[in-house]
Every structure is written in structure tokens, then in C-alpha cells.
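Worksheet: one structure, shown below.
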Amino acid sequence: MSEWWTYRLSDFLMFSPRTYARLVALYHEELWPLQWLGLAAGLAALGLALASRRHPVARRALMLLLAAAWAWVGWAFAWQRYAAINLAAPHLAAACGLQAVLCLLAAFGADARPGASRAPWIGDALAFAAVLGFPAASLLAGRPWAQAEVFASMPDPTALASLGLWWAAGPRRAWLLPVPLAVLALGLATRWALAG
1 MSEWWTYRLS DFLMFSPRTY ARLVALYHEE LWPLQWLGLA AGLAALGLAL
51 ASRRHPVARR ALMLLLAAAW AWVGWAFAWQ RYAAINLAAP HLAAACGLQA
101 VLCLLAAFGA DARPGASRAP WIGDALAFAA VLGFPAASLL AGRPWAQAEV
151 FASMPDPTAL ASLGLWWAAG PRRAWLLPVP LAVLALGLAT RWALAG
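If you want it as C-alpha cells, here you go:
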């Protein structure tokens, strides 16, 4: 193992870009037309984040919606499909499940009250980019709407939207951040490896 530095990130992938693209395409075909529901849920989450700045009920509803999104992504994508080609996918599914539980704790915890957030527009922009930017990027890449990466159907837009929604809804809780950040890092590393 004296040449460990010669390994690239892509050497650790157990699937080709074509295999991954086909897995995602089949997953989305099975879900169709539920992507519209994911888009509607993302837009509803944006509205709840705006309302949660003043109303604790909206914050609770937002956290419940995020819990459902994380649970669905963990089970439907990571556990049911991605695990077939990636040995780390069950860990991703477990992380998504953990995040769903953390969202439930945030929804019903003592700190489920509204609060101020500094520069909530940053969170709004992140959530907007996740909810509408990911599907738009898929369409611009030439994929049909049925294969677009949508909030509550794929890990990356769900993680980015979660970060933005938590920032916008304020006050921020650091214990909600590790899983979405890890999911985004994993997604970025996978995309990088698939591209190179």
C-alpha cells in the first residue's frame, strides 16, 4: 500500500456514472408524478419558514414536514434503491432516519418557539435554490421533468433546503446541522467522482 496517494476518489466508487444515472432515472420513473408533490412540499416549506418567524405552529409544521421528507428520502431512495449499488447507502439511510427524529424533537421540544434569525434572506435563498434550483438544473442538463432532483425525493436538495429553511426560520440549532452537511459533502464527493 505504498502508493496510496495514487488513488483518486473515483477509485472508491463501485458504480459507473451510467449506472448511477440509470438508478436515479428508474427511481424517478417509479415516483412519477410524486415529484410534483415534492415541489409543492418544498414551496409549502418556504411559506412555513416565512410564517414561523412569528408563529410557533408554523415552525412546528415546518419541522414535521422536514421530518417526513428526511424519512422518505432515507427509506425510498437510500435504503430501497441506492443500497443496491453503494455499500455506504444503508448508513445514509440511517443518517436520514436520525435527521427525521431530530426534526421531530425540534418540532415538539421546548425550544419550538419562534425566534429571530440574522439575515433570514440567506436561508430563504438557500431553500429557494434547493426547491427550485435543483429541478431547474436537471431540466437545463437535458433531463426530463420526471427525472428532476426534487426536494423530498433526493438527498441533496432535501439537505440544502433543510439548511436554508432552518436558517430562515431561526433561531438556529447546531444539532440539526451535521447530517445535512454530511449528506451534502457525500453528494458533492459523489458528483465530483462521477464527473472525473
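Going by the UniProt record's numbering, the sequence shown opens with residue 1, and the numbers climb by one from there.
No residue lacks a Cβ here, since even glycine has one placed at the ideal position from N, Cα and C.
Self-check item: Rounded distance between the beta-carbons of Val183 and Ala95, thought under 8 Å
Solution: The residue given as residue 95 occupies position 95 in the sequence shown. The residue given as residue 183 occupies position 183 in the sequence shown. Correct: roughly 7 Å between the Cβ atoms.
Quiz item: So, is His55 buried or exposed, given that buried needs 16 or more other C-beta atoms within 10 angstroms?
Solution: Counting from one through the sequence shown, the residue named residue 55 turns up at place 55. With fewer than 16 Cβ atoms within 10 Å of its Cβ, His55 is classed as exposed.
Practice problem: Would you grab the beta carbon distance between Ala78 and Ala100 for me? Rounded to a whole angstrom, and I think it's under 8 Å. | Solution: The residue labelled residue 78 in the question sits at position 78 within the sequence shown. The residue labelled residue 100 in the question sits at position 100 within the sequence shown. Actually they do not touch by this definition, with Cβ atoms about 12 Å apart.
Quiz prompt | Cβ-based burial, Met154 [other Cβ within 10 Å; buried from 16] | solution = Sequence index remark: in the sequence shown, residue 154 carries index 154 (1-based). Burial is judged here by how many other beta carbons sit within 10 angstroms of a residue's own beta carbon; Met154 has at least 16 and is buried.
Quiz item: Straight-line CA distance for Ala25 to Gln147?
Solution: On the sequence shown, position 25 is the one that residue 25 refers to. On the sequence shown, position 147 is the one that residue 147 refers to. Distance between Ala25 and Gln147, taken at the CA atoms: about 5 Å.
Practice problem: Note down, in chain order, each residue of its chain lying with its Cβ closer than 8 Å to the Cβ of Phe151, except the 5 sequence neighbours on either side. | Solution: For the purposes of this step, residue 151 is taken as residue 151 along the sequence shown, with counting starting at 1. The beta carbon of Phe151 lies closer than 8 Å to those of Gly38, Leu39, Ala41, Gly42, Ala45, Ala69, Ala130, Val131, Phe134, Pro157, Thr158 and Ala161 in the same chain, with the five residues before and after it left out.
Exercise. Just mark Trp167 as buried or exposed, buried being the case when its beta carbon has 16 or more other beta carbons within 10 Å.
Key: Position 167 of the sequence shown, counting from 1, holds the residue named residue 167. Of the residues assessed, Trp167 falls on the buried side of the cut-off, its CB having 16 or more other CB atoms within 10 angstroms.
Quiz prompt | Outcome for Glu149 when other beta-carbon atoms lying within 10 angstroms are tallied against a minimum of 16 | solution = Here residue 149 is taken as the residue at index 149 of the sequence shown, counted from 1. Buried is the call here.
Quiz prompt | Contact between the segment 117 to 129 and the segment 49 to 63 (3+ Cβ pairs under 8 Å) | solution = Judged by Cβ distances under 8 Å, the segment 117 to 129 makes contact with the segment 49 to 63, as three or more pairs qualify.
Quiz item: Excluding the five sequence neighbours on either side, which residues of its own chain have a C-beta within less than 6 Å of the C-beta of His28, listed in chain order?
Solution: Position 28 of the sequence shown, counted from the start, is the residue given in the question as residue 28. Answer for His28: Ala146 and Gln147, listed in chain order.
Quiz item: If you run the structure through DSSP and keep just helix, strand and coil, what is residue 197?
Solution: With the chain covering only 1 through 196, there is no way to say anything about residue 197.
Self-check item: Cα-Cα separation between Phe108 and Ala89, rounded to whole angstroms
Solution: Taking the first residue of the sequence shown as position 1, residue 108 is located at position 108. Taking the first residue of the sequence shown as position 1, residue 89 is located at position 89. So the two alpha carbons sit approximately 29 Å from each other.
Quiz item: Between Thr190 and Ile85, which are expected to be in contact by the criterion C-beta below 8 Å, what is the C-beta distance as a whole number of angstroms?
Solution: Residue 190 sits at position 190 when you count from the first residue of the sequence shown. Residue 85 sits at position 85 when you count from the first residue of the sequence shown. Wrong, their Cβ atoms sit about 11 Å apart, outside the cutoff.
Quiz item: Which of helix, strand or coil does DSSP assign to Gly47?
Solution: Reading the sequence shown from its first residue, position 47 is the one you call residue 47. Looking at Gly47 - three-state DSSP - the assignment turns out to be helix.
Quiz item: Between the C-alpha atoms of Ala67 and Val57, what's the straight-line distance to the nearest angstrom?
Solution: What you label residue 67 is simply residue 67 of the sequence shown in a count that begins at 1. What you label residue 57 is simply residue 57 of the sequence shown in a count that begins at 1. Answer to the nearest angstrom: the Cα atoms are 15 Å apart.
Quiz item: Whose C-beta lies closer than 7 Å to the C-beta of Gly97 among residues of the same chain, with five residues either side of it excluded?
Solution: By 1-based counting over the sequence shown, the position of residue 97 is 97. Excluding the 5 residues flanking it on each side, Gly97 has same chain C-beta neighbours closer than 7 Å at Ala71 and Gly74, in chain order.
Quiz item: Does the separation of the CB atoms of Arg60 and Gly170 fall below 8 Å?
Solution: As a first step, residue 60 must be located in the sequence shown, where it is residue number 60. As a first step, residue 170 must be located in the sequence shown, where it is residue number 170. No, the Cβ-Cβ distance between Arg60 and Gly170 is not below 8 Å.
Self-check item: Assigned exposure category for Gly142 - 16 Cβ within 10 Å defines buried
Solution: Along the sequence shown, read from residue 1 onward, the residue named residue 142 stands at position 142. It is exposed - the Cβ of Gly142 has fewer than 16 other Cβ atoms within 10 Å.
Quiz item: In three-state terms, what does DSSP make of His91?
Solution: Here the question's residue 91 lines up with position 91 in the sequence shown. Under the three-state reduction of DSSP output, His91 falls in the helix class.
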